[in-house]
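Notes for the one structure printed next.
Numbering (UniProt numbering), first residue to last: 1 to 520.
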């Protein structure tokens, strides 16, 4: 019979941890929070120092009963809920509820935390317990009180004044203001026409593009070619000049540049990158990441494959950095390992620095070793986390940036920009995705060109453009506009906010944008 009871939040995690701790322990799940504020007026009493009145969550009563039953035969209670403010609060609420019902008695109770679900991490946590951190509990209570004071008081007002079923909230209302401000910018925007001219060229068997940068010996600004008639006149002038004299390379400028790897993933950057590279929305990303964290059967064992996925920290444990550097040295070669380890500093205000960035629990467990073992979504997200974690500790990439100026001995200049990778560094493993419209012309590969070369002109192409309004706020990259108000939410907030908006907005909302409606 088990003599020690361990409480976690989810049954999937309980199943994994049970295998690590053995028969002397029984691991049960609380299924999240066991208490919440009373769903009525006065649950937060602003006249009495914001006293908070709680009640048991009815849907979780049977899980509390199971915990109480197991506790009767246990000598000790271990609280192993998630390593964040919410997890700390769940542990505190459970202890308070058990005490209220006289179920705890004088049995010792200790808190343990781990940021990855591996046998080593769990056993080390048991070996180094602590008390419940009331600072974290108080922080969660303050957040919950604000949720109540804003949402409980404003939502009924919306029902009366606007439409039944609407909701306001600490995060939701602040986010709605950001959306409305962006929509006001879009509505006030006046589009402006402009034209550019590019030439399709060929040299040494490769085709490339050069843009017109100077006309009549004057550098062209964005709106200098204002309409199609002007663009066609310039095109005709260029073609006439090219009929008399060949295009010739006048100057080649080369600059060496290093490109540094991106920091390891936080919750928000994982959501952004999974959207760009995998087409996942935020809730899908978090659902898959939760599975990878809680434990996956990989044949010979059930193990958590990534560290805790709700984090705003970019730092890595020294042990993790050392293992990544060792792997890089053995797999890619010593030239890919920088002289000193890379250490990233979290810039987010109020970040929970005790957390790590999201990383694999065992860097030697390569994506290739799990192919065919993991389901498709699990494998793709794991590969993303693994590659980013490897890349963040690799040497910088070295590139030669090339700018080539060409003319036909006349008053205009074409310029082609491109780059050549001289040492791939981290780019051998991973390159960060780009949002639409973020493509850098320096990423283009040019053929070898020297002064005096005469590339063949395949065509001169005017192109019409219009200035565009700011993008409609999308999710992701919600975390970009979100950063200035980051203290309003915690790492998983954008995903849950998106779900809330999807439930409460009119059909004008699409999968990629969140336009405001007359209802908010």
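Using N, Cα and C, we set each Cβ at its ideal position, and we do this for glycine too. Every value quoted in this text rests on a predicted model; they were computed, and no experiment measured them.
Own chain, CB closer than 8 Å to residue i, minus 5 neighbours either side, in chain order
{"i": "residue 50", "result": "44 and 145"}
{"i": "residue 28", "result": "5, 6, 7, 8, 14, 63, 66, 67 and 70"}
{"i": "residue 104", "result": "71, 77, 95 and 98"}
{"i": "residue 292", "result": "304, 305, 306, 309, 378, 381, 382 and 385"}
{"i": "residue 302", "result": "15, 16, 19, 295 and 296"}
Outcome for residue i when other beta-carbon atoms lying within 10 angstroms are tallied against a minimum of 16
{"i": "residue 461", "result": "exposed"}
{"i": "residue 114", "result": "buried"}
{"i": "residue 112", "result": "buried"}
{"i": "residue 420", "result": "exposed"}
{"i": "residue 319", "result": "exposed"}
{"i": "residue 148", "result": "buried"}
{"i": "residue 355", "result": "buried"}
{"i": "residue 78", "result": "buried"}
{"i": "residue 169", "result": "buried"}
{"i": "residue 244", "result": "exposed"}
{"i": "residue 82", "result": "buried"}
{"i": "residue 84", "result": "buried"}
{"i": "residue 21", "result": "buried"}
{"i": "residue 216", "result": "exposed"}
Residues sharing a beta bridge with residue i, DSSP
{"i": "residue 358", "result": "265"}
{"i": "residue 322", "result": "Per DSSP, none; premise fails for residue 322."}
{"i": "residue 521", "result": "With the chain covering 1 to 520 only, the question about residue 521 has no answer from this structure."}
{"i": "residue 302", "result": "297"}
{"i": "residue 26", "result": "5"}
{"i": "residue 419", "result": "401"}
{"i": "residue 215", "result": "218"}
{"i": "residue 45", "result": "51"}
{"i": "residue 203", "result": "206"}
{"i": "residue 145", "result": "The partner list for residue 145 (beta bridge, DSSP) is empty, contrary to what the question assumes."}
Cβ-Cβ distance between residue i and residue j below 8 Å
{"i": "residue 346", "j": "residue 314", "result": "yes"}
{"i": "residue 273", "j": "residue 227", "result": "no"}
{"i": "residue 296", "j": "residue 381", "result": "no"}
{"i": "residue 428", "j": "residue 415", "result": "no"}
{"i": "residue 212", "j": "residue 406", "result": "no"}
{"i": "residue 167", "j": "residue 150", "result": "no"}
{"i": "residue 270", "j": "residue 363", "result": "no"}
{"i": "residue 361", "j": "residue 214", "result": "no"}
{"i": "residue 401", "j": "residue 201", "result": "no"}
{"i": "residue 389", "j": "residue 324", "result": "yes"}
6 Å CB neighbourhood of residue i in its chain, flanking five on each side removed
{"i": "residue 521", "result": "A query on residue 521 cannot be resolved here, the shown segment of the chain reaching from 1 to 520 and no further."}
{"i": "residue 262", "result": "432"}
{"i": "residue 18", "result": "27"}
{"i": "residue 119", "result": "20"}
{"i": "residue 444", "result": "418"}
Sequence-distant residues of its chain with Cβ nearer than 7 Å to residue i (five each side left out)
{"i": "residue 33", "result": "57, 90 and 93"}
{"i": "residue 133", "result": "88"}
{"i": "residue 377", "result": "288"}
{"i": "residue 316", "result": "264, 356, 357 and 359"}
{"i": "residue 521", "result": "Nothing about residue 521 can be reported from this structure: the residues present for the chain run from 1 to 520 only."}
{"i": "residue 12", "result": "294 and 295"}
| request: Decide if the region 86-104 is in contact with the region 128-139; the criterion is three or more beta carbon pairs, one per stretch, under 8 Å apart. | output: yes
| request: Specify whether the region 218-232 and the region 194-209 touch according to this definition: at least 3 beta carbon pairs, one from each stretch, less than 8 Å apart. | output: yes
| task | Would you check if there are 3 or more beta carbon pairs closer than 8 Å linking the region 278-290 to the region 449-458? | result | no
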